[in-house]
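The next block holds one structure in the form of structure tokens; read it before the comments.
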Amino acid sequence: MVKIETLINEGKVSKIKELELERYLNFFENSYKDNLEHCKQNIENFPRWSIISGYYAMHDITKLLLAKKFRLKIETEVHATTIKVLRELIKNKEILNLIERGYREFINLANDLSEAKKERIKAQYYTGTIFMKEEFRKRSKEFLITVVEPSLEKINKLLGEKND
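Residue numbers (the numbering used here): 885 to 1048.
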């Protein structure tokens, strides 16, 4: 496992300055809630965006936790570094598995987009068919229920807050 000191020395993580802390906490408190709301509101019409927003809700609440409990700020390679820091500081395997699963889903969507970009002339790109649109709706709903919400609930417990 990577040590926090190593990540700080590499410039991937820093300690949050006292004057910056409140603004930083407020940003991630609001950001994760906005992303969660966006996730829920877009399941039916824009399921891929719902998955992305759900992942960002998880990512942002994780950065909120790291800031609030450990005064750590992720500087570079934010997705992978956030998981490395979480893995080092939090020994709850269930939370780690949920965050890693969310990250994999996010990466899969990014890879799908990259492949689609290469084959832009194909008309059935992503949700072009009724079948694919319905598949993404199912995937998005499942992701929200089995990954996003449990992750947020567990991290909120670590933060000492109730889930909205």
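Even for Gly, the Cβ is constructed at its ideal location relative to N, Cα and C.
- Pairing I892 with E1026, the inter-Cα distance amounts to about 36 Å.
- When C-alpha distances from E906 are compared across E889, L948 and V886, the shortest belongs to L948.
- The three-state reading of DSSP puts K896 in coil, since its state is none of H, G, I, E or B.
- Look at I927 here: in three-state DSSP terms it is coil, with no helix or strand label.
- Between L970 and T946, the C-beta gap is smaller than 8 Å, which places the two residues in contact.
- For I958, the enclosing beta strand (DSSP E) begins and ends at L956 to I958.
- Distance between E989 and L920, taken at the CA atoms: about 16 Å.
- Secondary structure at K887: coil, using DSSP grouped into helix, strand and coil.
- Note on the region 967-991: there is no whole beta strand (DSSP E) run with a minimum of 3 residues.
- The three-state secondary structure of K1041, taken from DSSP, is helix.
- Closest by C-alpha distance to R985, out of I958, T960, T1030 and D944, is T1030.
- In terms of Cβ geometry, I936 and L993 form a close pair [threshold 8 Å].
- Beta-carbon to beta-carbon, Y908 and A951 are separated by about 5 Å, close enough to satisfy the 8 Å threshold.
- In the displayed model, E961 falls within coil according to three-state DSSP, outside both helix and strand.
- Between F912 and K977, the alpha-carbon positions lie close to 23 Å from each other.
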